[in-house]
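Per numbering that gives the first Met the number 0, the very first residue in the sequence shown carries number 0; after that it's consecutive. Ideal placement from N, C-alpha and C gives every residue a C-beta, glycine not left out. Below you'll find the structure, written out as structure tokens, and then a few comments.
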Amino acid sequence: MKPVIALVGRPNVGKSTLFNRLTKSRDAIVADYAGLTRDRHYGDGRLGTREFIVIDTGGFEPDSSTGIVKEMAKQTKQAVAEADIVVFVTDVRSGLSAQDADIARFLRQANKRVILTVNKAEGMVDSPLLGEFWELGLGNPHPISSAHGQGIRSLLEAALEDF
Ligand code: GDP
Ligand code: MG
């Protein structure tokens with residue numbers, strides 16, 4: 000069985016960009032605005048000879064009466080339930096947010112391997128801006144740039160360590 004990696008995080012942090020990077024596909028829709036990916040989306044990835052499945056999330060209806068936060072939580076929970084490993088994506092450019100803290104609280108209770116990533120960190124491997132992400136209580140924040148392909152290998156090695 001291939002391990003399943005779910006990408007979770009609030010809208011616009013770069014989950015779909017990371018999905019495309021990991022699956023080398025252009026299948027997931029990358030938007031310059033939040034929430035265009037309406038459903039979970041699956042793809043195949045590989046690290047050397049090791050294969051894995053990636054789930055992109057982010058589907059919610061910005062105008063729906065269910066509300067963004069509620070629908071995001073539902074998407075996150077469904078993807079996490081299906082996954083062996085959760086890659087939690089945050090964004091160093093917008094910084095830590097209350098939504099990040101909410102997702103982190105859920106993930107700490109989910110009993111899954113969680114890898115905390117701080118995206119949009121191109122050229123920022125040693126930036127002090129990464130420090131605040133320790134507050135999420137999910138261990139070492141991995142700086143990555145999904146758009147530029149930085150930090151991706153080390154992220155995958157951490158994610159797949161036990162698989
Ligand atoms: P999602 O809503 O979490 O799926 O986010 P998207 O993948 O749609 O990306 C949201 C925006 O962030 C888009 O404008 C992307 O081009 C941009 N983005 C994604 N990854 C990076 C990155 O590594 N660096 C920078 N600077 N921008 C990024
Ligand atoms: Mg998306």
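Does DSSP classify residue i as helix, strand or coil?
{"i": "T75", "result": "helix"}
{"i": "R20", "result": "helix"}
{"i": "I151", "result": "helix"}
{"i": "P140", "result": "coil"}
{"i": "K119", "result": "coil"}
{"i": "L129", "result": "helix"}
{"i": "D101", "result": "helix"}
{"i": "L135", "result": "helix"}
{"i": "L95", "result": "coil"}
{"i": "E50", "result": "strand"}
{"i": "L106", "result": "helix"}
{"i": "S145", "result": "coil"}
Name the DSSP bridge partner or partners of residue i?
{"i": "D55", "result": "H40"}
{"i": "L6", "result": "V86"}
{"i": "R45", "result": "E50"}
{"i": "R112", "result": "I84"}
So residue i and residue j are supposed to be a Cβ contact under 8 angstroms. How far apart are they, rounded?
{"i": "S145", "j": "G13", "result": "5 angstroms"}
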